[in-house]
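Student:
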């Protein structure tokens, strides 16, 4: 069969390799990889439905290339790409010129296939270069993550999700490695909890974690979720963000007035997407947020301020900024506390927002009874009025008014072209 593979036209290799994987023909996979006629071997699709046998067969085929002193078709295998993504031309990994590059994404704790891969890589480190461009770190002891970092090159990581589910001191242990991720473009930082008692070194850890963002000069997308120490430190964080972000997402964090005020001093005219969810802003002055929104009015495409305790007076402060969003395509303000009159005023301020494709607004507070349950008749009537208000102003593409979640079933009432009831009301 090896001789047959050598005689195959080049363009038959990709479909035959996929068919061999579908039929779980491990030996055939090994042969096809060993004779692969192109410099780039994309096998991420193999990970959609793998077995350890077929995965090992692919690695064994690559081993054949590592042992070779000549190229059977005059073309040397240079990159093995284990990501399930389209082939990207001009990738930064082209700077690694001398060794075979194995490109992958990793999720810790490792599954059995990733563990198999890392063991295989560790045994062949002089002959190849592991390039992890996307890394997710879950609930693992720091020493276990540290052992994986020894195999990786942090400067090649472009996307990082760090879910420590731990204390600030644990997160601080990652900082020296994170500082080396100079090509990081997207970062998700999740779930750092406060200990039962404050420690003397806590502020030092906060400064260490936040200051690392000044080293991430390629960062474009930043998501921070359920991280307690952001409170009273937003000004410090925003000052450390040296390059313009495209997307900033903050969820389940506590804001002080000084945190909200820091946005007015943040010069990021290129911001395209702003998400605030579960950031309680009740009783805060929104003037600073309005100043910031006005500064990004020409670029902002997505605005989501969900479940943030906003009330009528708050959104009225933001209305002059809202009317300036010439590029806005998505707006989502659900789970805030607005009256019918305020929602009508809000809709009128969207008259010139012709780029909007998706609009999500909270149901007016008048639809709830004294216990917080949605009254069906009031919900349908008032949401229909709001829809008619918008129709009189401009056309819309996708419009929803949503109630808060039902106490009994957890579902929402949704008004689109008509009312969709929660399960309890069916």
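Numbering (this note's numbering), first residue to last: 1290 to 1715.
Using N, Cα and C, we set each Cβ at its ideal position, and we do this for glycine too.
Opposite residue 1455 in the DSSP bridges: which residues?
Tutor: Answer is 1481, bridged to residue 1455.
Student: How far does the beta strand (DSSP E) with residue 1331 in it extend, from its first residue to its last?
Tutor: Segment 1329-1331, the beta strand (DSSP E) holding residue 1331.
Student: Can you check whether the CB of residue 1335 is closer than 8 Å to the CB of residue 1316?
Tutor: No, the Cβ-Cβ distance between residue 1316 and residue 1335 is not below 8 Å.
Student: Should residue 1359 go down as buried or exposed, given a rule of 16 or more other Cβ atoms within 10 Å for buried?
Tutor: Classification of residue 1359: exposed, given that the 10 Å Cβ count is below 16.
Student: So, using beta-carbon positions, are residue 1511 and residue 1534 closer together than 8 Å?
Tutor: Yes.
Student: Cα-Cα, which of 1629, 1633 and 1686 is closest to residue 1667?
Tutor: That would be 1629, whose Cα lies nearest to the Cα of residue 1667.
Student: Within 8 Å, do at least three Cβ pairs link the region 1663-1683 to the region 1624-1644?
Tutor: Segments in contact, yes.
Student: Do the region 1445-1455 and the region 1491-1504 meet, that is, are 3 or more Cβ pairs less than 8 Å apart?
Tutor: Taking 8 Å as the limit for Cβ pairs, the verdict is that the region 1491-1504 does not touch the region 1445-1455.
Student: Considering only the alpha carbon of each residue, which of 1596, 1648, 1612 and 1608 lies closest to residue 1687?
Tutor: The candidate whose alpha carbon is nearest that of residue 1687 is 1648.
Student: Which runs of the beta strand (DSSP E) at least 3 residues long sit entirely within the region 1517-1558? Give them in chain order.
Tutor: As far as the region 1517-1558 is concerned, its whole beta strand (DSSP E) runs of at least 3 residues are 1536-1540.
Student: Restricting to runs no shorter than 3 residues, where is the beta strand (DSSP E) found entirely within the region 1644-1695?
Tutor: With a minimum length of 3 residues, the continuous beta strand (DSSP E) runs that stay inside the region 1644-1695 are 1647-1651 and 1688-1691.
Student: Within a Cβ cutoff of 6 Å, which residues of the same chain sit near residue 1580, ignoring the five residues on either side of it in sequence?
Tutor: Around residue 1580: 1553.
Student: Determine the DSSP secondary structure at residue 1585, reduced to helix, strand or coil.
Tutor: If DSSP states are grouped into helix, strand and coil, residue 1585 belongs with coil.
Student: With distances taken Cα to Cα, identify the nearest neighbour of residue 1326 among 1689, 1305 and 1299.
Tutor: Nearest of 1689, 1305 and 1299 to residue 1326, Cα basis: 1299.
Student: Express the C-alpha separation of residue 1339 and residue 1307 in angstroms, rounding to a whole number.
Tutor: Straight-line Cα distance between these residues: approximately 12 Å.
Student: Compare the C-alpha of residue 1604 against each of 1577, 1409, 1349 and 1588 and name the closest.
Tutor: When only C-alpha atoms are compared, the closest one is 1577.
Student: Can you tell which of 1508, 1621 and 1427 has the C-alpha that lies nearest to the C-alpha of residue 1397?
Tutor: Among 1508, 1621 and 1427, the Cα nearest to that of residue 1397 belongs to 1427.
Student: Leaving out the 5 sequence neighbours to the left and right, which residues in its chain are closer than 8 Å to residue 1321 when beta-carbon positions are compared?
Tutor: Answer for residue 1321: 1294, 1302, 1305, 1306, 1309 and 1350, listed in chain order.
Student: Along the chain, where does the alpha helix (DSSP H) that runs through residue 1310 open and close?
Tutor: Element bounds for residue 1310: 1302-1311.
Student: Opposite residue 1562 in the DSSP bridges: which residues?
Tutor: Residue 1562 pairs with 1536 and 1591.
Student: What is the C-beta distance between residue 1518 and residue 1481, in whole angstroms, given that I count them as a contact (C-beta under 8 Å)?
Tutor: Contact holds; Cβ gap of about 7 Å.
Student: With 16 other CB atoms within 10 Å as the buried threshold, where does residue 1551 fall?
Tutor: It is buried - the Cβ of residue 1551 has at least 16 other Cβ atoms within 10 Å.
Student: Does the distance from the CB of residue 1422 to the CB of residue 1394 come in under 8 Å?
Tutor: Result yes, Cβ atoms of residue 1422 and residue 1394 sit closer than 8 Å.
Student: Would you mind stating whether residue 1646 and residue 1616 have Cβ atoms separated by less than 8 Å?
Tutor: No.
Student: For residue 1476, which of helix, strand or coil comes out of DSSP?
Tutor: Strand, per DSSP.
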